[in-house]
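**Q** Residue numbers (this note's numbering): 5 to 113.
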Amino acid sequence: MSPWITVCPVADILPGTGVCALIGEQQVAVFRPYADEQVFAISNIDPFAQASVLSRGLIAEHQGELWVASPLKKQRFRLHDGRCMEDEAHSVAHFASRVVDGVVQVAAA
Numbered sequence: 005m006s007p008w009i010t011v012c013p014v015a016d017i018l019p020g021t022g023v024c025a026l027i028g029e030q031q032v033a034v035f036r037p038y039a040d041e042q043v044f045a046i047s048n049i050d051p052f053a054q055a056s057v058l059s060r061g062l063i064a065e066h067q068g069e070l071w072v073a074s075p076l077k078k079q080r081f082r083l084h085d086g087r088c089m090e091d092e093a094h095s096v097a098h099f100a101s102r103v104v105d106g107v108v109q110v111a112a113a
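#1: To the nearest angstrom, report how far apart residue 37 and residue 63 are at their CA atoms.
#2: Pull up the DSSP beta-bridge partners for residue 92, would you.
#3: Evaluate the contact criterion for the segment 97–113 versus the segment 34–51: three or more CB pairs, one atom per stretch, below 8 Å.
#4: So the beta strand (DSSP E) residue 69 belongs to, where does it begin and stop?
#5: Taking the alpha-carbon of residue 49 as reference, which of 67, 12, 26 and 70 has the nearest alpha-carbon?
#6: Under a three-way DSSP split, which group does residue 102 fall into?
#7: Tell me whether residue 26 sits in a helix, a strand or coil according to DSSP, three-state version.
#8: Could you tell me whether the Cβ atoms of residue 55 and residue 83 are closer together than 8 Å?
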């Protein structure tokens with residue numbers, strides 16, 4: 005099995021949004037903050053609400069870092085490592101991600 009799982013063409017993710025992908029048994033939120041090919045992947049499960057919603061969160065920049073705010077209770081999770089701004093004990097998993105030949109790939113866990 006390849007360590008990289010193909011998710012979708014990067015063009016399928018609108019800049020400033022995220023999508024949910026099933027990587028093995030895990031729901032992964034894949035974000036494309038800008039119109040370039042930079043992508044980030046974290047768990048899609050909001051640890052505060054135990055709901056699969058982070059891919060629908062709002063991307064924001066705070067102190068030079070990119071975060072996604074949960075659409076439910078608004079806790080923020082840093083895109084590059086999954087750290088929760090409000091409570092590090094509730095941080096989420098982070099997954100390596102990349103774009104190769106216009107296709108988003110996420111590392112298998």
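Glycine included, C-beta positions come from ideal geometry on N, C-alpha and C.
**A** The short version:
#1: If I take the Cα positions, the gap works out to 7 Å.
#2: Partner(s): none; residue 92 has no beta bridge.
#3: Contact holds: three or more Cβ-Cβ distances are below 8 Å.
#4: Boundaries of the beta strand (DSSP E) around residue 69: 69–73.
#5: Put simply, of 67, 12, 26 and 70 the residue whose alpha carbon is nearest the alpha carbon of residue 49 is 26.
#6: The answer is strand: DSSP assigns residue 102 an E or B state.
#7: Reduced to three states, the DSSP call for residue 26 is strand.
#8: Result no, Cβ atoms of residue 55 and residue 83 do not sit closer than 8 Å.
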